[in-house]
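Data first, discussion second: the structure below is written as C-alpha cells.
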Amino acid sequence: MTDTAVATPRRRNVLTSRIKGLARRSPTAAVGFAIVGLFALGGIFAPLITPYDPVHSFPREILVDPGSTFWFGTDGNGMDIFSRVIFGARYAFAIAVPAVLLSLVIGVPLGLWVGYVGGALDEVTMRVLDALRVFPSIILALAVVAAAGPSVLNVVLVIGVLDSPIFARVVRAEVLALRSSTMVEAAKAAGNPTWRIVMVHLLPNAIQGAMAQSAVRAAWAIRISAALAFLGVGIQVPTPEWGVMIRQGAEFMVTGQWWVALFPGVALMILMLGLNMLGDGMQDLLNPRRRG
Amino acid sequence: MTLLAIDNLETDFVSRTLDDEIRVAHALNKVSFEVNRGEIVGLVGETGAGKSLTAQSVLGLLRAPARVVGGEAVFDGRDLLTLPPAEMNELRGYEIGLVVQNPRTSLDPLCRIGDQLVRMQRAHRPVNGRVARKKAVDMLAAVGIPEPERRMRAWPHELSGGMAQRVLMAMALINEPRLLIADEPTTGLDVTVQAAILDLLRQIVLERSMGALIITHDLGVVAHYCERVAVMFAGSIVEEGTVDAVFETPSHPYTRALLSATPERLKLGSGRQLGGPPPDLYNLPIGCHYRDRCERVRDICTTPPPATDLGEGHRVQCHFAKDLEGQPL
Amino acid sequence: MKIRRFLTRRLTFIIPLLVGIVFFTFMLVRLGGQDPVEMLAGPTATQGQIDRIEQELGLDQPLLTQFGIYLMNVAQGDLGKSWISTRPVLDDILARLPVTLELLFLGIGLGALVGIPAGMRGAAHPNGWFDQIARAISLLGFSIPTYWLGLVLLFVFFYLLGWAPPGIGRISMMVIPPPTVTGSYLVDSIIAGDWEATRSALGHLVLPVVSIAIISAAPIIKQTRAIAVEIYSGDAVRYAKACGLPDRQVRKIVMRNATVPILTFVGTEITGLVGTASLIEFVFAWGGLGQYGLNAIVNGDFAAVQGYVLALALFSVVVFLVVDLLVVLLEPRNVDAT
Numbered sequence: 001m002t003d004t005a006v007a008t009p010r011r012r013n014v015l016t017s018r019i020k021g022l023a024r025r026s027p028t029a030a031v032g033f034a035i036v037g038l039f040a041l042g043g044i045f046a047p048l049i050t051p052y053d054p055v056h057s058f059p060r061e062i063l064v065d066p067g068s069t070f071w072f073g074t075d076g077n078g079m080d081i082f083s084r085v086i087f088g089a090r091y092a093f094a095i096a097v098p099a100v101l102l103s104l105v106i107g108v109p110l111g112l113w114v115g116y117v118g119g120a121l122d123e124v125t126m127r128v129l130d131a132l133r134v135f136p137s138i139i140l141a142l143a144v145v146a147a148a149g150p151s152v153l154n155v156v157l158v159i160g161v162l163d164s165p166i167f168a169r170v171v172r173a174e175v176l177a178l179r180s181s182t183m184v185e186a187a188k189a190a191g192n193p194t195w196r197i198v199m200v201h202l203l204p205n206a207i208q209g210a211m212a213q214s215a216v217r218a219a220w221a222i223r224i225s226a227a228l229a230f231l232g233v234g235i236q237v238p239t240p241e242w243g244v245m246i247r248q249g250a251e252f253m254v255t256g257q258w259w260v261a262l263f264p265g266v267a268l269m270i271l272m273l274g275l276n277m278l279g280d281g282m283q284d285l286l287n288p289r290r291r292g
Numbered sequence: 293m294t295l296l297a298i299d300n301l302e303t304d305f306v307s308r309t310l311d312d313e314i315r316v317a318h319a320l321n322k323v324s325f326e327v328n329r330g331e332i333v334g335l336v337g338e339t340g341a342g343k344s345l346t347a348q349s350v351l352g353l354l355r356a357p358a359r360v361v362g363g364e365a366v367f368d369g370r371d372l373l374t375l376p377p378a379e380m381n382e383l384r385g386y387e388i389g390l391v392v393q394n395p396r397t398s399l400d401p402l403c404r405i406g407d408q409l410v411r412m413q414r415a416h417r418p419v420n421g422r423v424a425r426k427k428a429v430d431m432l433a434a435v436g437i438p439e440p441e442r443r444m445r446a447w448p449h450e451l452s453g454g455m456a457q458r459v460l461m462a463m464a465l466i467n468e469p470r471l472l473i474a475d476e477p478t479t480g481l482d483v484t485v486q487a488a489i490l491d492l493l494r495q496i497v498l499e500r501s502m503g504a505l506i507i508t509h510d511l512g513v514v515a516h517y518c519e520r521v522a523v524m525f526a527g528s529i530v531e532e533g534t535v536d537a538v539f540e541t542p543s544h545p546y547t548r549a550l551l552s553a554t555p556e557r558l559k560l561g562s563g564r565q566l567g568g569p570p571p572d573l574y575n576l577p578i579g580c581h582y583r584d585r586c587e588r589v590r591d592i593c594t595t596p597p598p599a600t601d602l603g604e605g606h607r608v609q610c611h612f613a614k615d616l617e618g619q620p621l
Numbered sequence: 622m623k624i625r626r627f628l629t630r631r632l633t634f635i636i637p638l639l640v641g642i643v644f645f646t647f648m649l650v651r652l653g654g655q656d657p658v659e660m661l662a663g664p665t666a667t668q669g670q671i672d673r674i675e676q677e678l679g680l681d682q683p684l685l686t687q688f689g690i691y692l693m694n695v696a697q698g699d700l701g702k703s704w705i706s707t708r709p710v711l712d713d714i715l716a717r718l719p720v721t722l723e724l725l726f727l728g729i730g731l732g733a734l735v736g737i738p739a740g741m742r743g744a745a746h747p748n749g750w751f752d753q754i755a756r757a758i759s760l761l762g763f764s765i766p767t768y769w770l771g772l773v774l775l776f777v778f779f780y781l782l783g784w785a786p787p788g789i790g791r792i793s794m795m796v797i798p799p800p801t802v803t804g805s806y807l808v809d810s811i812i813a814g815d816w817e818a819t820r821s822a823l824g825h826l827v828l829p830v831v832s833i834a835i836i837s838a839a840p841i842i843k844q845t846r847a848i849a850v851e852i853y854s855g856d857a858v859r860y861a862k863a864c865g866l867p868d869r870q871v872r873k874i875v876m877r878n879a880t881v882p883i884l885t886f887v888g889t890e891i892t893g894l895v896g897t898a899s900l901i902e903f904v905f906a907w908g909g910l911g912q913y914g915l916n917a918i919v920n921g922d923f924a925a926v927q928g929y930v931l932a933l934a935l936f937s938v939v940v941f942l943v944v945d946l947l948v949v950l951l952e953p954r955n956v957d958a959t
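Shown next as C-alpha cells:
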C-alpha cells in the first residue's frame with residue numbers, strides 16, 4: 001500500500017475522528033452534551049411530543065396516578081404532568097441562555113477593563129465584588145426579584161447581573177496573567193493601540209476561560225430560577241416551569257401523590273447534571289492539569 | 293565494584309492527539325552505564341535530553357505518561373525496574389539517597405527540619421527518638437550547617453537556597469545510603485555556594501566509599517568533581533568514558549560542540565554555538581538522532597550509528613568516532 | 622505581634638463594609654415595587670390613616686435622612702419592628718439564630734466529614750474507581766435541587782417507610798420542649814436530661830441535616846480533590862516518595878498541606894450554604910432564621926428583611942474572620958514571624 005492510499009480516507013474523517021477524540025478525552029463532556037442536546041430538542045419540539053396542552057385542565061382527572069393515559073399522572077389542577085415537564089425545558093433554556101449571555105456581556109468587558117487598567121480601579125472593583133460575597137446568592141436573587149416584581153424578565157435580569165462577577169473574575173485573572181506576557185509586551189512595543197491589544201491578544205484568550213464556565217453557570221441560573229419559583233417568587237402558577245410544579249406538588253409528597261413533584265424535579269436534576277458534566281468536561285479539556 | 297548497572301533502559305511517553313491517534317515518544321533509548329563504588333559519575337546533556345528521566349526511571353518515580361518499556365537497572369543484585377513498589381520504597385532514601393533540584397519546594401513546608409530528618413530515619417527502621425535527633429544534628433553539622441541544634445527547629449521557608457540544599461544533602465545521607473543520585477544539585481545557587489556544596493558532596497562520597505551519580509548540564513561541574521561522564525542527547529548516551537578521555541579526546545560531534553560551547557572556550561574565541569533546538573522526541577530523525585544538527589552529517593547517518601569502543605571504556609555512538617578521536621576542537 | 626496587626630486591619634475593613642451592606646439592603650427594600658404602607662394599612666385605609674403610618678415610620682422624610690435614622694437605630698441595636706410578628710426584629714432574629722446555626726453546622730459538618738475524606742482518597746488515585754464514583758456523586762450533588770431533595774427524603778422516609786417524623790418543626794408536638802438555654806432543642810434537652818425530648822429533637826434533625834450534608838458535600842468533594850491533586854503533583858510529595866516515606870506518611874503530608882486551603886474553601890462555602898439551609902428550613906417548616914427571612918422577603922416585611930440580610934452579612938463576615946484567623950494560626954510562616 002502506498003502512503004496516499006492510507007492518507008486519503010483518514011483525511012475525510014478528520015471531523016468525526018476529532019469529535020471521537022474529544023469524546024474519548026472527556027466522556028463526561030460528551031454525555032453532558034448529549035443530555036443538554038436532548039433537553040433542547042425536547043423543548044423545541046415540545047408541541048409535537050406532548051400528548052396534551054400543558055396548561056389544559058381536566059377537571060375530572062385530578063391527581064391521577066401515572067399510567068397509560070397520563071404517563072406521569074396529573075397534578076392538583078388536573079393538568080398532564082408529562083406535557084408540563086416537556087414544556088418546562090423551554091422555560092429552563094429561556095432563562096438560562098439569556099441570563100448567561102447577560103452575565104457574559106457584563107462580566108467579560110468588566111474583567112477586561114479592570115484587569116487591563118489595574119491599580120486603584122481594579123482594587124476597588126474587586127473589593128466591591130468581594131463584599132457582595134457575604135450574601136448567599138439565592139437570598140440576594142430572592143430579595144431583588146421580590147422587590148422588583150415577579151416576571152420572567154426580572155428573573156433573567158437579576159440572575160444575569162448577580163452572576164456576572166464570576167465571569168469578571170475569570171477574565172480578570174486571565175488578563176492579569178497575559179498582560180505581562182512577552183506577546184503583549186511585544187505588541188505594545190510595536191506601537192499597537194490599546195484597543196487592538198485588548199481585542200487581538202487579550203480577549204480571545206480570556207474568553208476561553210469564560211466560555212468554559214458558561215455551562216456550569218447555566219446550571220446555576222436554572223437552579224436559582226427554579227428555587228425562586230418554588231418559593232412563589234418569580235414565575236407563577238400555572239406556568240409549566242419545573243420549580244412551580246415542584247411547589248404545586250410539595251404538599252402531596254407527604255400524602256402519597258409523589259408524581260406531582262417527583263417528575264419535574266428529576267427533569268431539573270438531569271438537565272443540571274448534563275450542564276455540569278458539560279462544564280466540567282470543558283474545563284478538563286481546556287486545562288489538562290486539573291485531570292490529575 | 294559495580295553499584296548500579298543500567299542496561300538498555302528504555303522509557304516511552306505515550307499520549308493521545310486530538311485526532312485520537314496514539315503517539316509514542318522514545319524518551320530514553322537504550323541507555324546503559326554504570327556507577328561504581330567510590331566514584332562519581334556525571335550525566336550531562338541539554339534540557340530535555342532525558343537526564344532526570346533516567347534517574348526517575350531507575351528510582352521508580354515516573355509519572356504518566358512516562359513509563360519504562362525495557363532494560364534493566366541492577367542494584368545490589370536486584371533489578372530496580374521490576375522490583376515491587378513496596379520493596380522499591382524501602383530502597384529509596386535508605387540504600388539510594390536522592391538530592392533533587394528544588395530544595396525549597398521539596399521539603400515539607402509544614403514540618404520542621406529536625407522532624408523531617410527524624411521522619412526520614414524512622415520511615416526505614418525503628419529508631420529511638422533521642423538517637424534519631426542526635427544523628428540528625430550530627431548530619432546537619434556534617435553538611436556544614438552552622439548551629440545545627442538551632443536549625444533543627446527551623447521551618448523550610450526560613451532557609452536560604454544554599455542552606456536548603458545542604459539540608460537536602462543531610463536528608464539524602466542520613467540513612468547512610470550506598471548510592472547517591474544528585475539531580476542538578478546546585479542549579480540556581482551562587483557559584484561559591486555551588487563549589488562548597490559539591491566539594492562537600494565529593495568528600496562525603498569518597499570518605500564513605502559510596503557511589504554517586506550527578507546529573508547536570510554544567511560541564512565544569514563534571515570536569516571538577518567526576519571520575520567518569522556519560523553524555524546524553526535526545527534520550528541516548530552518545531559518549532561515555534573517563535572524564536580525562538572524554539574531555540581530552542571528545543569523539544562525538546555533540547560532545548565536541550558542547551565542549552566548544554563552554555564559556556571559557558567562548559571567551560577564548562575558538563568556540564562555536566550549539567546549533568539548533570533540541571529535537572522533537574515525537575519525530576526523531578531516523579538513524580543518528582543528532583544528524584539534523586551535526587556539521588559532519590553524511591548519507592550514512594540515516595542508519596543507526598554503531599557503538600564504537602575506543603578503549604578503556606570510552607564508548608561513542610557515531611559513524612565517525614574513530615576519525616574524530618584526537619582531532620582538535 | 623502579627624496576629625494582632627492582622628486583626629485590627631481586618632476589623633477596620635469590616636466597619637465600612639457593614640455600613641455599605643446596611644445601605645444596600647436599605648435601598649433594595651425602598652426602591653422595590655412593594656409599598657409597605659399600603660400593606661400595613663390594608664385596602665380600606667383612609668388617606669389620614671396612611672399619612673399617620675407614614676409619619677410613624679418616618680417615610681415622609683427624604684431618603685437620605687431615613688437612611689441616617691435607620692443607621693443610627695441599627696448602631697443602637699434597634700432594627701425596627703416586624704409587621705408579621707409585631708415584635709422587634711432583633712428579638713426575632715436572636716431567638717431564631719441558634720435554631721438555624723444548629724441545622725447549618727450539623728449539615729456542613731456531616732458534609733465535610735464525608736466529603737473531605739472522599740476527595741482526599743479520590744486524589745490519591747486519580748481516575749481510579751473510587752475517584753470516579755466520588756466525582757459522579759459530587760456532580761449529582763451539584764445538580765440536585767435542594768428543596769426537592771428534602772421533599773423526596775420526606776416522601777421516602779416519612780410517607781413510605783414511616784421512619785422519620787413529618788417535616789413540621791423541630792420536635793414532636795406531643796413532646797414538651799426543654800427549657801431554653803442555648804435555643805437548640807437538641808442541646809437544651811440534653812442539658813435538661815430529658816431523653817424523650819432529645820430523641821424527638823434528634824429524629825427531627827436527621828432529614829434536614831442529611832439534605833444539607835448531601836448538598837454541601839458536592840463542592841467539598843470537588844474542591845478537596847482539586848486541592849489534593851495539586852499537592853500530590855507538587856515537589857514536596859514527589860520528594861517524600863523519593864525519600865521512600867511509606868504511603869501512610871505521604872497521605873499525612875498531603876492532608877496537613879491541604880488543611881489550610883480546604884478550610885478556606887469551606888469557609889467561603891458556608892455563606893452560600895446559608896441559602897441552601899433556608900430552603901431546607903422552608904421545606905421542613907423548621908422555624909429558624911432562614912424560614913423567617915424567606916417569609917419576610919416573600920411578604921414584603923421590610924424591617925425584617927433588612928434585619929435578616931444584615932444578620933446574614935454579619936454572619937458571613939464573622940465566618941470569614943474566624944477562617945482567616947485559623948489560617949494565620951495554622952501557617953508556620955505566620956506563627957514564627959512574631
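Residue numbers (the numbering used here), protein chains in the order written: chain V, 1 to 292; chain L, 293 to 621; chain C, 622 to 959.
Glycine is no exception: its CB is placed at the ideal position from the N, C-alpha and C atoms.
Could you please tell me which residues of the stretch 125 to 144 of chain V, in chain order, have their CB closer than 7 Å to any CB of chain C? 131, 133, 134, 135, 136, 137, 138, 139, 142, 143, 144
Could you tell me whether the Cβ of residue 954 (chain C) comes closer than 8 Å to any Cβ of chain L? Translated into the one-based positions of the third sequence, residue 954 (chain C) becomes position 333. Closer than 8 Å: yes.
Please work out which residues of its chain come closer than 6 Å, Cβ to Cβ, to residue 811 (chain C), disregarding the five sequence neighbours upstream and downstream, and give them in chain order. Position 190 of the third sequence, counted from the first residue, corresponds to residue 811 (chain C). So the qualifying residues of the chain are 819.
By Cβ distance, which residues of its chain are closer than 6 Å to residue 86 (chain V), with the 5 residues on each side in sequence left out? Your numbering for residue 86 (chain V) matches position 86 in the first sequence. Cβ within range, chain order: 42, 46, 49, 50.
How close, in whole Å, do the beta carbons of residue 108 (chain V) and residue 207 (chain V) come, if the pair is a contact with beta carbons under 8 Å? For the purposes of this step, residue 108 (chain V) is taken as the residue at position 108 of the first sequence. For the purposes of this step, residue 207 (chain V) is taken as the residue at position 207 of the first sequence. The Cβ separation is near 6 Å, so the contact holds.
Is there a Cβ from chain L that is less than 8 Å from the Cβ of residue 743 (chain C)? Counted from its first residue, the third sequence places residue 743 (chain C) at position 122. Not an interface residue.
Residue 770 (chain C) beta carbon less than 8 Å from that of residue 836 (chain C): Residue mapping note: residue 836 (chain C) aligns to position 215 of the third sequence, counting from 1. Residue mapping note: residue 770 (chain C) aligns to position 149 of the third sequence, counting from 1. Yes, the Cβ-Cβ distance between residue 836 (chain C) and residue 770 (chain C) is below 8 Å.
So, using beta-carbon positions, are residue 389 (chain L) and residue 469 (chain L) closer together than 8 Å? Along the second sequence, one-based indexing puts residue 389 (chain L) at 97. Along the second sequence, one-based indexing puts residue 469 (chain L) at 177. Contact flag set, yes.
Could you check what DSSP says for residue 207 (chain V) in three-state terms: helix, strand or coil? The sequence position of residue 207 (chain V) within the first sequence is 207, counting from 1. Reduced to three states, the DSSP call for residue 207 (chain V) is helix.
Do you know how far the Cα of residue 91 (chain V) is from the Cα of residue 240 (chain V)? As a first step, residue 240 (chain V) must be located in the first sequence, where it is residue number 240. As a first step, residue 91 (chain V) must be located in the first sequence, where it is residue number 91. Going by the C-alpha atoms only, they are around 8 Å apart.
Beta-bridge partners of residue 611 (chain L), as assigned by DSSP: For the purposes of this step, residue 611 (chain L) is taken as the residue at position 319 of the second sequence. Note: residue 611 (chain L) sits in no beta bridge, so no partner.
For residue 382 (chain L), which of C:894, C:906, C:861 has the nearest alpha-carbon? Within the second sequence, residue 382 (chain L) is the residue found at index 90, counting from 1. The candidate whose alpha carbon is nearest that of residue 382 (chain L) is C:861.
Buried or exposed: where does residue 558 (chain L) fall if 16 or more other Cβ atoms within 10 Å of its Cβ makes it buried? Here the question's residue 558 (chain L) lines up with position 266 in the second sequence. At residue 558 (chain L) the pLDDT is 45, less than 50, meaning the model places this residue with poor confidence; the figure from the coordinates comes in the next sentence. Looking at its Cβ environment, which holds fewer than 16 other Cβ atoms inside 10 Å, residue 558 (chain L) is exposed.
Cross-chain neighbours of residue 449 (chain L) in chain C, by beta carbon under 8 Å: For the purposes of this step, residue 449 (chain L) is taken as the residue at position 157 of the second sequence. Those are 953, 954, listed as they occur along chain C.
For a contact meaning CB atoms closer than 7 Å, what does residue 874 (chain C) contact in chain L? Position 253 of the third sequence, counted from the first residue, corresponds to residue 874 (chain C). Those are 400, listed as they occur along chain L.
Return the chain-ordered ranges of every alpha helix (DSSP H) run that is complete within the stretch 117 to 174 of chain V and spans a minimum of 4 residues. 119 to 132, 137 to 148
How far does the beta strand (DSSP E) with residue 303 (chain L) in it extend, from its first residue to its last? Translated into the one-based positions of the second sequence, residue 303 (chain L) becomes position 11. It spans 294 to 308 - the beta strand (DSSP E) in which residue 303 (chain L) sits, taken as one unbroken run.
Collapsed DSSP secondary structure at residue 825 (chain C) in the structure displayed: Here residue 825 (chain C) corresponds to residue number 204 of the third sequence, with the count starting at 1. Three-state result, residue 825 (chain C): helix.
Span of the alpha helix (DSSP H) around residue 764 (chain C): Position 143 of the third sequence, counted from the start, is the residue given in the question as residue 764 (chain C). Where residue 764 (chain C) is concerned, the enclosing alpha helix (DSSP H) stretches over 750 to 764.
According to DSSP, simplified to helix, strand and coil, what is residue 531 (chain L)? For this step, residue 531 (chain L) is matched to residue 239 along the second sequence. Here residue 531 (chain L) sits in strand by DSSP.
For residue 191 (chain V): DSSP bridge partner residues: Taking the first residue of the first sequence as position 1, residue 191 (chain V) is located at position 191. Per DSSP, none; premise fails for residue 191 (chain V).
Take the Cβ of residue 15 (chain V) as the centre, count every other Cβ of all protein chains shown within 10 Å, and call the residue buried at 16 or more, exposed below. To locate residue 15 (chain V), count along the first sequence from 1; it is residue 15. That one is exposed.
Cβ distance (whole Å) where residue 349 (chain L) is taken to contact residue 375 (chain L) below 8 Å: By 1-based counting over the second sequence, the position of residue 349 (chain L) is 57. By 1-based counting over the second sequence, the position of residue 375 (chain L) is 83. Between residue 375 (chain L) and residue 349 (chain L) the Cβ distance is about 12 Å, and since that is not below 8 Å, they are no contact.
DSSP beta-bridge partners for residue 367 (chain L)? As a working mapping, residue 367 (chain L) is identified with position 75 in the second sequence. Answer is L:296, L:370, bridged to residue 367 (chain L).
First through last residue of the alpha helix (DSSP H) which encompasses residue 516 (chain L): The residue you call residue 516 (chain L) lines up with position 224 of the second sequence. Looking at the DSSP string, the run of the alpha helix (DSSP H) that includes residue 516 (chain L) is 511 to 517.
Given this structure, state the Cα-to-Cα distance separating residue 604 (chain L) from residue 525 (chain L), to the nearest angstrom. Residue numbering aside, residue 604 (chain L) sits at position 312 when the second sequence is read from its first letter. Residue numbering aside, residue 525 (chain L) sits at position 233 when the second sequence is read from its first letter. Distance between the alpha carbons of residue 604 (chain L) and residue 525 (chain L) is about 22 Å.
Whether residue 209 (chain V) touches residue 170 (chain V) by CB criterion (8 Å): Here residue 209 (chain V) refers to the residue found at position 209 of the first sequence. Here residue 170 (chain V) refers to the residue found at position 170 of the first sequence. Yes, these two residues count as a Cβ contact at 8 Å.
Taking 8 Å as the threshold (beta carbon to beta carbon), is residue 943 (chain C) in contact with chain V? Locating residue 943 (chain C) in the third sequence gives position 322, counting from the first residue. No - not a single Cβ of chain V is within 8 Å of the one on residue 943 (chain C).
Rounded to whole angstroms, what is the Cα-Cα separation between residue 212 (chain V) and residue 681 (chain C)? Taking the first residue of the first sequence as 1, we reach residue 212 (chain V) at position 212. Taking the first residue of the third sequence as 1, we reach residue 681 (chain C) at position 60. For residue 212 (chain V) and residue 681 (chain C), the distance between alpha carbons rounds to 50 Å.
Anticipated Cβ contact below 8 Å, residue 937 (chain C) with residue 892 (chain C), distance rounded: Mapped onto the third sequence, residue 937 (chain C) falls at position 316. Mapped onto the third sequence, residue 892 (chain C) falls at position 271. Rounded, the Cβ-Cβ distance is 4 Å, consistent with contact.
Alpha helix (DSSP H) segments (min. 4 residues) lying fully within the stretch 869 to 923 of chain C: 910 to 920
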